[in-house]
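S.K.:
Protein chains: 2
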Amino acid sequence: MNTFSFKIIAKDKKSKARVGRITTAHGVIETPAFVAVGTRATVRGLTPSDLKEIGVQILFGNTYHLHLRPGEDIVQEFGGLGKFMGWNGPTITDSGGFQVFSLGQKKIKILQGDEDQTEAKLVDIKEGSVIFRSHIDGTLHEFTPEKSIEIQQKLGADIVLVFDECAPHPSTHEYTKQAMERTHKWAIRSLAAHKSEYQNPKSETISNVQNPNDKKRLKQALYGIIQGGVYKDLRKESAKLISSLPFDGIAIGGVSVGESKKQMRDALEWSIPFMPEEKPRHFLGIGEIDDIFDSIEKGMDTFDCVIPTRLARYGMVFVSPPEGNRDNKFMIDTKKSIFAKDKSPLTKDCSCSVCKTFTRGYVHHLFRVQELLAYRLASYHNLFFINNLFAKTRESILKGKFLEMKSEWMG
Amino acid sequence: MNTFSFKIIAKDKKSKARVGRITTAHGVIETPAFVAVGTRATVRGLTPSDLKEIGVQILFGNTYHLHLRPGEDIVQEFGGLGKFMGWNGPTITDSGGFQVFSLGQKKIKILQGDEDQTEAKLVDIKEGSVIFRSHIDGTLHEFTPEKSIEIQQKLGADIVLVFDECAPHPSTHEYTKQAMERTHKWAIRSLAAHKSEYQNPKSETISNVQNPNDKKRLKQALYGIIQGGVYKDLRKESAKLISSLPFDGIAIGGVSVGESKKQMRDALEWSIPFMPEEKPRHFLGIGEIDDIFDSIEKGMDTFDCVIPTRLARYGMVFVSPPEGNRDNKFMIDTKKSIFAKDKSPLTKDCSCSVCKTFTRGYVHHLFRVQELLAYRLASYHNLFFINNLFAKTRESILKGKFLEMKSEWMG
Chain F
1 MNTFSFKIIA
11 KDKKSKARVG
21 RITTAHGVIE
31 TPAFVAVGTR
41 ATVRGLTPSD
51 LKEIGVQILF
61 GNTYHLHLRP
71 GEDIVQEFGG
81 LGKFMGWNGP
91 TITDSGGFQV
101 FSLGQKKIKI
111 LQGDEDQTEA
121 KLVDIKEGSV
131 IFRSHIDGTL
141 HEFTPEKSIE
151 IQQKLGADIV
161 LVFDECAPHP
171 STHEYTKQAM
181 ERTHKWAIRS
191 LAAHKSEYQN
201 PKSETISNVQ
211 NPNDKKRLKQ
221 ALYGIIQGGV
231 YKDLRKESAK
241 LISSLPFDGI
251 AIGGVSVGES
261 KKQMRDALEW
271 SIPFMPEEKP
281 RHFLGIGEID
291 DIFDSIEKGM
301 DTFDCVIPTR
311 LARYGMVFVS
321 PPEGNRDNKF
331 MIDTKKSIFA
341 KDKSPLTKDC
351 SCSVCKTFTR
361 GYVHHLFRVQ
371 ELLAYRLASY
381 HNLFFINNLF
391 AKTRESILKG
401 KFLEMKSEWM
411 G
Chain Z
1 MNTFSFKIIA
11 KDKKSKARVG
21 RITTAHGVIE
31 TPAFVAVGTR
41 ATVRGLTPSD
51 LKEIGVQILF
61 GNTYHLHLRP
71 GEDIVQEFGG
81 LGKFMGWNGP
91 TITDSGGFQV
101 FSLGQKKIKI
111 LQGDEDQTEA
121 KLVDIKEGSV
131 IFRSHIDGTL
141 HEFTPEKSIE
151 IQQKLGADIV
161 LVFDECAPHP
171 STHEYTKQAM
181 ERTHKWAIRS
191 LAAHKSEYQN
201 PKSETISNVQ
211 NPNDKKRLKQ
221 ALYGIIQGGV
231 YKDLRKESAK
241 LISSLPFDGI
251 AIGGVSVGES
261 KKQMRDALEW
271 SIPFMPEEKP
281 RHFLGIGEID
291 DIFDSIEKGM
301 DTFDCVIPTR
311 LARYGMVFVS
321 PPEGNRDNKF
331 MIDTKKSIFA
341 KDKSPLTKDC
351 SCSVCKTFTR
361 GYVHHLFRVQ
371 ELLAYRLASY
381 HNLFFINNLF
391 AKTRESILKG
401 KFLEMKSEWM
411 G
């Protein structure tokens with residue numbers, strides 16, 4: 001039973017922007033949409049009820065982190081990621097590849113006996129698998145495309161991703177090509193593992209069922225990932241291959257790892273002509289406001305990014321234009337002493353419960369004394385702001401005014 | 001204009017327990033009541049709206065901490081403690097004495113030049129004042145009874161406390177007597193400063209007004225504090241003197257600093273016969289469940305304590321009997337691995353939103369990965385639990401069943 005579908009509702013006449021609707025077993029996602037990141041089955045101090053209030057439509061869980069703690073078996077036992085964390089809306093998990101490879105750039109000290117230490121890389125890439133060490137306790141783990149799919153099936157999200165290698169930046173053309181070719185082989189293996197699991201299930205229960213007594217299995221949607229680094233020929237080759245495979249959606253990956261905005265835009269430009277019109281398009285790790293506008297304009301549908309919640313933890317909060325602009329990335333630093341006596345809300349005209357209740361001066365105080373509430377309030381506001389921005393982009397596309405909206409924001 | 005009043009609604013026939021009502025300019029407190037501690041103008045990850053939902057009736061702010069950050073002038077500029085933090089209910093502040101003296105037990109390194117360090121005590125007690133160093137940056141500050149009252153007037157709580165010396169435990173009879181005598185002199189000076197401020201105000205505006213355009217000044221209620229350590233003669237002397245002065249309420253202090261439960265009960269026993277029936281009685285720093293039952297039985301009305309929120313941050317959550325009992329202090333440690341797969345709520349029959357939404361297994365996970373939400377959920381539940389317990393004690397007193405309730409809980 002496949003309950004996943006995507007429908008384009010409206011297309012902008014002056015750009016490639018589009019409004020769509022992704023339907024999953026756990027609800028509908030109106031696109032363009034922001035996917036809130038809940039790395040370890042929680043979004044930084046916020047409850048699922050906060051997330052509903054904020055207008056969050058879908059949550060992103062990280063397979064790498066959930067595999068290490070609490071482990072996919074526990075999550076499955078609780079009925080899957082959504083049920084485990086008390087969220088009844090749609091969810092998506094990544095394959096674990098991104099964290100394995102980005103943490104793999106670092107070296108860690110491995111304890112040998114009581115005293116001796118030896119340095120070891122966290123990751124060892126083979127053609128068939130990736131062996132990596134937990135960043136928490138140094139224990140060895142192995143991911144294969146099949147293993148990643150199996151874990152994601154236990155996590156039970158509505159949308160899952162193929163296992164890919166996200167090459168570090170900078171990488172040579174030669175290395176990026178090798179990584180891309182591995183990614184393509186892994187994409188095909190992920191697809192086969194995914195198909196086989198539904199034709200020949202290993203486990204009796206699949207957790208993403210709406211009724212816990214209903215053991216019928218809901219097929220998870222599987223997205224392919226385009227890689228290819230900063231190289232035009234590779235991006236094109238990857239986009240062409242991934243787009244030719246029977247995925248439910250297509251993601252663009254590897255553009256958030258230390259590359260410039262120009263390189264991000266190039267990767268998008270090179271990939272998008274090959275991406276099927278009728279499938280949802282996800283941009284992995286992208287979430288700065290100028291990037292969002294440019295990507296929606298080119299026809300991207302969904303975006304996940306830790307920026308709103310990560311920067312919130314440093315006291316950075318979103319502000320509307322004209323105070324917010326391209327240069328300050330639409331953010332102010334509430335820790336600055338100029339805000340100590342500021343009685344205004346975090347940003348004007350914001351209807352979120354934080355802006356309706358608290359002042360900049362109070363939030364400034366909370367950050368200065370490093371009180372827990374600081375992180376919660378800033379995360380809440382930032383997620384509200386970005387979800388509200390997406391709601392406005394959908395509205396503007398429906399009204400044929402997307403480019404006007406973009407220029408109002410971008411100047 | 002004095003809007004503070006206390007009325008006894010019902011008295012238990014079989015004990016000294018009583019149900020009362022404290023009326024303040026910012027609302028009513030039904031007693032016995034728990035005062036939630038919001039040290040630095042926030043209660044550990046919770047919003048004022050959470051606190052209302054929980055049933056919190058009154059918040060406690062710490063003058064020492066608020067004086068250092070953000071400073072009483074800033075709080076006054078925002079309209080007082082309640083307005084600053086978005087809480088429209090009643091508030092109480094302490095005098096700063098407790099923190100000055102308890103932090104004063106520690107020594108800190110004082111930087112001299114770039115390299116040299118010298119050890120200095122944080123506090124220097126004189127007859128007329130206390131000079132202390134900020135635990136944050138080592139800067140020197142001076143508190144006098146008058147200064148404490150002035151700061152508390154700027155903080156603008158409904159109830160304020162006299163400046164007292166809380167002698168460390170253990171202290172000799174001789175030292176405790178000296179400290180008590182200082183406390184008595186300071187109580188009289190606090191009372192005079194408080195009276196003088198209302199007869200001859202230094203500042204134009206007082207912040208605890210309900211309508212910010214209304215410059216009329218609301219008189220704050222002032223509570224005296226009984227000290228005297230673990231010595232019967234001193235406790236009696238202190239109770240007699242403090243009770244003879246025209247305070248709006250009487251607090252018992254100095255019983256939470258490293259003394260045994262027996263010593264706490266003794267101090268209560270010795271003091272209470274002198275405490276006027278018609279004035280509200282506050283127990284400073286007391287909040288373990290057995291202590292609460294015993295103190296209510298003896299006729300205490302309000303209690304402030306950091307236990308519910310402090311232990312929450314270590315994963316300790318309240319559970320109802322029979323799982324909770326005197327031995328485990330009605331708490332379980334959710335970090336223990338036995339809870340990893342536990343699908344039950346934090347405690348059975350709890351109607352708080354945490355227990356209605358989340359499992360022990362999920363909260364266990366949040367504590368294991370040290371996620372922000374862990375602290376919020378545990379604090380919420382613990383405060384709900386304790387406020388609900390107080391609501392039940394009020395009900396039981398009204399029904400003449402307080403001792404039955406106590407024995408159900410205490411076994």
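Protein sequence lines, in the order shown, are assigned to chains F and Z. Each residue of the first sequence is one higher than the last, beginning at 1 in the working numbering. Each residue of the second sequence is one higher than the last, beginning at 1 in the working numbering. Positions of the beta carbon are idealized from the N, C-alpha and C atoms, including for glycine. These figures come from a predicted structure and were not determined experimentally.
Taking Cβ-Cβ distances below 9 Å as the criterion, which residues of the stretch 337 to 369 of chain F are in contact with chain Z?
M.R.: The stretch 337 to 369 of chain F vs chain Z, Cβ under 9 Å: Ala-340, Lys-341, Lys-343, Ser-353, Val-354, Thr-357, Phe-358, Thr-359, Gly-361, Tyr-362, His-364, His-365, Leu-366, Arg-368 and Val-369.
S.K.: Given a cut-off of 8 Å on the beta-carbon distance, is the pair Z/Ser-95 and Z/Gln-152 in contact?
M.R.: As a position in the second sequence, residue 95 of chain Z is number 95, starting the count at 1. As a position in the second sequence, residue 152 of chain Z is number 152, starting the count at 1. Going by C-beta atoms, Z/Ser-95 is nearer than 8 Å to Z/Gln-152.
S.K.: Please determine, among F/Lys-11, F/Phe-143 and F/His-173, the residue with the shortest C-alpha to C-alpha distance to F/Arg-189.
M.R.: In the first sequence, the residue the question calls residue 189 of chain F occupies position 189. The shortest C-alpha separation from F/Arg-189 is found at F/Phe-143.
S.K.: Could you tell me whether the stretch 59 to 68 of chain Z touches the stretch 85 to 94 of chain Z, where touching means 3 or more Cβ pairs closer than 8 Å?
M.R.: Segments in contact, yes.
S.K.: So what does F/Ala-10 bridge to, in DSSP terms?
M.R.: Position 10 of the first sequence holds residue 10 of chain F. Per DSSP, F/Val-19.
S.K.: Does the Cβ-Cβ distance between F/Glu-269 and F/Lys-154 come in under 8 Å?
M.R.: Translated into positions along the first sequence, residue 269 of chain F becomes position 269. Translated into positions along the first sequence, residue 154 of chain F becomes position 154. Not in contact: F/Glu-269 and F/Lys-154 (Cβ atoms no closer than 8 Å).
S.K.: Whose C-beta lies closer than 8 Å to the C-beta of Z/Met-410 among residues of the same chain, with five residues either side of it excluded?
M.R.: Indexing the second sequence from 1 puts residue 410 of chain Z at position 410. For Z/Met-410, where only same-chain residues beyond five positions count, the Cβ hits under 8 Å are Asp-290, Phe-293 and Arg-326.
S.K.: Classify F/Gly-138: buried if its beta carbon has 16 or more other beta carbons within 10 angstroms, exposed otherwise.
M.R.: Counting from one through the first sequence, the residue named residue 138 of chain F turns up at place 138. F/Gly-138 should be labelled exposed.
S.K.: Label Z/Pro-48 either buried or exposed according to how many other C-beta atoms from any shown protein chain fall within 10 Å of its C-beta, with 16 as the threshold for buried.
M.R.: Reading the second sequence from its first residue, position 48 is the one you call residue 48 of chain Z. Counting Cβ neighbours within 10 Å, Z/Pro-48 comes out buried, since at least 16 surround it.
S.K.: Please list the segments of the beta strand (DSSP E) lying wholly inside the stretch 120 to 153 of chain F, counting only runs of 3 or more residues, in order along the chain.
M.R.: Complete beta strand (DSSP E) runs here, min 3: 123 to 125, 130 to 133 and 140 to 143.
S.K.: F/Tyr-375 versus chain Z: which residues are under 8 Å apart at the beta carbon?
M.R.: Locating residue 375 of chain F in the first sequence gives position 375, counting from the first residue. Leu-372, listed in chain order.
S.K.: From the DSSP output, which residues share a beta bridge with Z/Glu-30?
M.R.: Counted from its first residue, the second sequence places residue 30 of chain Z at position 30. According to DSSP, Z/Glu-30 bridges with Z/Arg-21.
S.K.: Quick check: F/Val-255 and F/Ile-286, are their CB atoms within less than 8 Å of each other?
M.R.: Numbered from 1 along the first sequence, position 255 holds the residue referred to as residue 255 of chain F. Numbered from 1 along the first sequence, position 286 holds the residue referred to as residue 286 of chain F. In contact: F/Val-255 and F/Ile-286 (Cβ atoms closer than 8 Å).
S.K.: What would DSSP say about Z/Gly-400, mapped onto helix, strand or coil?
M.R.: The residue given as residue 400 of chain Z occupies position 400 in the second sequence. If DSSP states are grouped into helix, strand and coil, Z/Gly-400 belongs with coil.
S.K.: Do you know offhand how far Z/Gly-315's Cα is from Z/Ala-221's?
M.R.: In the second sequence, the residue the question calls residue 315 of chain Z occupies position 315. In the second sequence, the residue the question calls residue 221 of chain Z occupies position 221. Whole-angstrom Cα-Cα distance: 36 Å.
S.K.: Going by C-alpha distance, which of Z/Lys-232, Z/Asn-387, Z/His-184 and Z/Lys-219 is nearest Z/Glu-150?
M.R.: On the second sequence, residue 150 of chain Z is found 150 positions in, with the first residue counted as 1. Comparing Cα-Cα distances from Z/Glu-150 to each of Z/Lys-232, Z/Asn-387, Z/His-184 and Z/Lys-219, the minimum goes to Z/Lys-219.
S.K.: May I have a chain-ordered list of the alpha helix (DSSP H) segments no shorter than 4 residues that lie completely inside the stretch 232 to 257 of chain Z?
M.R.: Those alpha helix (DSSP H) runs which fall completely within the stretch 232 to 257 of chain Z and span 4+ residues are 232 to 244.
S.K.: Pick helix, strand or coil for Z/Arg-40, following the three-state DSSP scheme.
M.R.: Here residue 40 of chain Z is taken as the residue at index 40 of the second sequence, counted from 1. Residue state, collapsed to three classes: coil.
S.K.: State the start and end residues of the unbroken alpha helix (DSSP H) segment that holds Z/Gly-97.
M.R.: As a first step, residue 97 of chain Z must be located in the second sequence, where it is residue number 97. Run containing Z/Gly-97: 97 to 103, per the alpha helix (DSSP H) assignment.
S.K.: For F/Phe-163, which of F/Asp-301, F/His-184, F/Val-319 and F/Ala-10 has the nearest alpha-carbon?
M.R.: If you number the first sequence from 1, residue 163 of chain F lands on position 163. Per the Cα distances, F/His-184.
S.K.: Closest to Z/Leu-284 by CA distance: which of Z/Gly-97, Z/Lys-52 and Z/Val-317 is it?
M.R.: Numbered from 1 along the second sequence, position 284 holds the residue referred to as residue 284 of chain Z. Nearest option by C-alpha distance: Z/Gly-97.
S.K.: For Z/Met-85, decide whether its Cβ has a neighbour in chain F, counting only Cβ atoms nearer than 8 Å.
M.R.: Taking the first residue of the second sequence as position 1, residue 85 of chain Z is located at position 85. It does; some Cβ of chain F falls within 8 Å.
S.K.: Less than 8 Å between the beta carbons of F/Gly-45 and F/Ser-379, yes or no?
M.R.: On the first sequence, residue 45 of chain F is found 45 positions in, with the first residue counted as 1. On the first sequence, residue 379 of chain F is found 379 positions in, with the first residue counted as 1. Yes; because the gap between Cβ atoms is below 8 Å, this pair is in contact.
S.K.: Which chain Z residues are close to F/Phe-78, counting only those with a beta carbon under 9 Å from its beta carbon?
M.R.: As a position in the first sequence, residue 78 of chain F is number 78, starting the count at 1. Within 9 Å Cβ-Cβ: Lys-341, Lys-343, Thr-359, Gly-361 and Tyr-362.
S.K.: Short check: CB of F/Thr-176 to CB of F/Gly-228, under 8 Å?
M.R.: Residue 176 of chain F sits at position 176 when you count from the first residue of the first sequence. Residue 228 of chain F sits at position 228 when you count from the first residue of the first sequence. Against a cut-off of 8 Å, the Cβ pair of F/Gly-228 and F/Thr-176 comes out as a contact.
S.K.: Cutting at 6 Å between CB atoms, please list the residues of its own chain near F/Leu-366, excluding the five before and the five after it.
M.R.: Here residue 366 of chain F refers to the residue found at position 366 of the first sequence. These residues qualify, in order along the chain: Leu-373 and Ala-374.
S.K.: What is the C-beta distance between Z/Pro-321 and Z/Leu-383, in whole angstroms, given that I count them as a contact (C-beta under 8 Å)?
M.R.: By one-based count along the second sequence, residue 321 of chain Z stands at place 321. By one-based count along the second sequence, residue 383 of chain Z stands at place 383. Between Z/Leu-383 and Z/Pro-321 the Cβ distance is about 19 Å, and since that is not below 8 Å, they are no contact.
S.K.: Buried or exposed for Z/Asn-328, going by 16 or more other Cβ atoms inside 10 Å?
M.R.: Position 328 of the second sequence, counting from 1, holds the residue named residue 328 of chain Z. Per the 10 Å Cβ criterion, exposed.
S.K.: For the alpha helix (DSSP H) that contains F/Arg-281, what are its first and last residues?
M.R.: As a working mapping, residue 281 of chain F is identified with position 281 in the first sequence. Segment 281 to 283 is the beta strand (DSSP E) holding F/Arg-281; no alpha helix (DSSP H) there.
S.K.: Are three or more beta carbon pairs between the stretch 73 to 89 of chain F and the stretch 339 to 346 of chain Z nearer than 8 Å?
M.R.: Yes: the two stretches touch, three or more of their Cβ pairs being nearer than 8 Å.
S.K.: Starting from the C-beta of F/Ser-243, find all residues in its chain whose C-beta is less than 7 Å away, skip the five residues before and the five after it, and write them out in chain order.
M.R.: Locating residue 243 of chain F in the first sequence gives position 243, where the first residue counts as 1. Contacts found: Ile-250, Phe-274, Met-275 and Pro-276.
S.K.: The beta strand (DSSP E) that contains F/Tyr-198, what's its start and end?
M.R.: Taking the first sequence and counting its residues from 1, the one referred to as residue 198 of chain F is at position 198. Not the beta strand (DSSP E): F/Tyr-198 falls in the alpha helix (DSSP H), residues 173 to 199.
S.K.: How would you write the range of the alpha helix (DSSP H) that Z/Val-75 sits in, first residue to last?
M.R.: For the purposes of this step, residue 75 of chain Z is identified with residue 75 of the second sequence, where counting begins at 1. Start and end: 72 to 77.
S.K.: Starting from F/Leu-161, follow the beta strand (DSSP E) in both directions and report where the run begins and ends.
M.R.: Position 161 of the first sequence, counted from the first residue, corresponds to residue 161 of chain F. Here the beta strand (DSSP E) through F/Leu-161 covers 159 to 161.
S.K.: Using a Cβ-Cβ cut-off of less than 9 Å, give me the residues of the stretch 309 to 334 of chain Z that come near chain F, in sequence order.
M.R.: Of all residues in the stretch 309 to 334 of chain Z, Arg-313 have a Cβ within less than 9 Å of some Cβ in chain F.
S.K.: Taking 8 Å as the threshold (beta carbon to beta carbon), is F/Ile-307 in contact with chain B?
M.R.: The chain labelled as chain B is not found among the protein chains of the depicted structure, namely F and Z.
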